[in-house]
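>
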């Protein structure tokens, strides 16, 4: 498990500021849900956590150590669009991450190492309900099964931190409910720290131990890209019952319909 410290993080692309003044901490084992309007930098933030993008200012620390400048096995990600390779079987897809990590030049393991990787992949695929289709190809799988495969890919590398970028948004309601149950089970069993981006508040308040909203506090009509999004709401759901979570969601929605936190902060600055 890993404690994550976000210290005055900014992300800029030239004259465009996407994120600014992000400053908060996530405790080990939290399930942190990120919400906010489209384009407010939620996915950009995940890319910073994954080291797919450099931080412009500030720093991100994992257990007190600044994150590496390149993606590492301690952080995994599952995207909305299934990150599976059509030419590989289910088993081959699951094993690929381990093979690339442990055999960086050839991309293939041999002998005992390959056997151990195969056993580990078979175990996790059985855990996510794909043990009966190890030799199938992605085109033979339903959308829900492909997303289970993407989750297995990420988990096989045993990440301390798992990032979910709208990972369940394209699933139908029954399949989504099944994946939610699976995700909660795996999260509790493995003690991972999870960051999940979603536009579905019901999903966020159902799964998360914490819901964080990104939004713009500062605006300039003459220069709309001059200011970026920052943290505007942070709700702790740890220890809440299902009933209390529904009450927290209702309170969130009431506050959203009234003058927003962002608007109140903006008026206070004027």
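Residue numbers (full-length UniProt numbering): 1 to 270. A virtual CB, placed ideally from N, CA and C, is assigned to each residue, including glycine.
1) Could you give the DSSP three-state label for residue 268: helix, strand or coil?
2) In chain order, which alpha helix (DSSP H) runs of at least 4 residues are fully inside the stretch 46-85?
3) Cα-Cα, which of 233, 248, 100 is closest to residue 240?
4) Which two residues bound the contiguous beta strand (DSSP E) that contains residue 241?
5) Is residue 150 helix, strand or coil by DSSP?
6) Using the three-state DSSP reduction, which class does residue 5 fall into: helix, strand or coil?
7) So what does DSSP say about residue 205, is it helix, strand or coil?
8) Quick one: Cα of residue 4 to Cα of residue 204, how far?
9) Tell me which residue opens and which closes the alpha helix (DSSP H) that residue 176 is part of.
10) Less than 8 Å between the CB atoms is what I'm expecting for residue 217 and residue 33, so what's the real figure, rounded?
11) Can you pull the DSSP bridge partners for residue 15?
12) So, for residue 131: in the same chain, excluding its five sequence neighbours on each side, which residues have a beta-carbon less than 8 Å away from its beta-carbon?
13) Within the chosen definition, does the stretch 219-231 reach the stretch 55-69 through at least 3 CB pairs nearer than 8 Å?
14) Based on Cα-Cα distance, which residue from 195, 229, 31, 244 lies nearest to residue 9?
15) Which term fits residue 256, buried or exposed, when burial requires 16 or more other beta carbons within 10 angstroms of its beta carbon?
16) Assuming residue 19 and residue 7 make a contact with CB atoms under 8 Å, what is their CB distance in whole Å?
17) Can you give the beta carbon distance from residue 155 to residue 76, rounded, assuming they're within the 8 Å contact cut?
18) Using the Cα positions of residue 42 and residue 134, report the straight-line distance between them to the nearest angstrom.
19) Terminal residues of the continuous alpha helix (DSSP H) containing residue 215?
20) For my contact list, residue 196 and residue 164 are in at a C-beta cut-off of 8 Å; report their separation, rounded to the angstrom.
21) In whole angstroms, what is the alpha-carbon distance linking residue 92 and residue 194?
22) Could you tell me if residue 45 is buried or exposed, where buried requires 16 or more neighbouring beta carbons within 10 angstroms of its beta carbon?
23) According to DSSP, which residues form a beta bridge with residue 10?
24) Quick check on the burial criterion: 16 or more other C-beta atoms within 10 angstroms. Buried or exposed for residue 273?
25) Nearest CA to the CA of residue 28: which residue from 236, 191, 207?
26) Residues in its own chain within less than 8 Å of residue 118 by CB, not counting five upstream and five downstream?
So, to answer that:
1) For this step, residue 268 is matched to residue 268 along the chain shown. Caution applies to residue 268, whose pLDDT of 47 falls short of 50 and renders its modelled position unreliable; the value that the coordinates give is listed next. Helix at residue 268.
2) Listed in chain order, nothing qualifies, since the stretch 46-85 has no complete alpha helix (DSSP H) run of 4 or more residues.
3) As a first step, residue 240 is located in the chain shown; it is residue number 240 there, counting from the start. Comparing Cα positions, the closest option is 248.
4) Looking up residue 241 in the chain shown gives position 241. That residue, residue 241, is in no beta strand (DSSP E); it is neither H nor E in DSSP.
5) The residue given as residue 150 occupies position 150 in the chain shown. In the structure shown, residue 150 sits in a helix (DSSP, three-state: H, G or I).
6) Translated into positions along the chain shown, residue 5 becomes position 5. Strand, per DSSP.
7) Position 205 of the chain shown holds residue 205. Note: residue 205 maps to helix in three-state DSSP.
8) One-based indexing of the chain shown puts residue 4 at position 4. One-based indexing of the chain shown puts residue 204 at position 204. The straight-line gap from Cα to Cα measures roughly 20 Å.
9) To locate residue 176, count along the chain shown from 1; it is residue 176. Taken as a continuous stretch (DSSP letters only), the alpha helix (DSSP H) holding residue 176 covers 173-190.
10) Locating residue 217 in the chain shown gives position 217, where the first residue counts as 1. Locating residue 33 in the chain shown gives position 33, where the first residue counts as 1. That belief does not hold up - the Cβ atoms of residue 217 and residue 33 are roughly 20 Å apart, past 8 Å.
11) Walking along the chain shown from the start, residue 15 turns up at place 15. The partner list for residue 15 (beta bridge, DSSP) is empty, contrary to what the question assumes.
12) Here the question's residue 131 lines up with position 131 in the chain shown. The answer, listed in chain order, is 122, 125.
13) no
14) Counted from its first residue, the chain shown places residue 9 at position 9. Looking at 195, 229, 31, 244, the one whose alpha-carbon comes closest to that of residue 9 is 229.
15) As a working note, residue 256 is residue 256 in the chain shown. Looking at its Cβ environment, which holds fewer than 16 other Cβ atoms inside 10 Å, residue 256 is exposed.
16) The residue given as residue 19 occupies position 19 in the chain shown. The residue given as residue 7 occupies position 7 in the chain shown. With 8 Å as the limit, residue 19 and residue 7 do not qualify as a contact, their Cβ atoms being about 13 Å apart.
17) Within the chain shown, residue 155 is the residue found at index 155, counting from 1. Within the chain shown, residue 76 is the residue found at index 76, counting from 1. Contact holds; Cβ gap of about 7 Å.
18) Counted from its first residue, the chain shown places residue 42 at position 42. Counted from its first residue, the chain shown places residue 134 at position 134. Looking at the two C-alpha atoms, the distance is approximately 34 Å.
19) Along the chain shown, one-based indexing puts residue 215 at 215. It is not in any alpha helix (DSSP H) - residue 215 instead sits in the beta strand (DSSP E) that spans 210-216.
20) Locating residue 196 in the chain shown gives position 196, counting from the first residue. Locating residue 164 in the chain shown gives position 164, counting from the first residue. The pair is a contact, with the Cβ atoms about 4 Å apart (cut-off 8 Å).
21) The residue given as residue 92 occupies position 92 in the chain shown. The residue given as residue 194 occupies position 194 in the chain shown. Per the coordinates, the alpha-carbon of residue 92 lies some 25 Å from the alpha-carbon of residue 194.
22) For the purposes of this step, residue 45 is taken as residue 45 along the chain shown, with counting starting at 1. By the neighbour-count rule (16 or more Cβ atoms within 10 Å), residue 45 is buried.
23) In the chain shown, residue 10 corresponds to position 10, counting from 1. DSSP, once it has assigned bridges, lists 57 as partnering residue 10.
24) The structure shown does not extend to residue 273, since the chain is modelled only from 1 through 270, so no value can be given for it.
25) The residue you call residue 28 lines up with position 28 of the chain shown. Per the Cα distances, 191.
26) Position 118 of the chain shown, counting from 1, holds the residue named residue 118. 91, 95.
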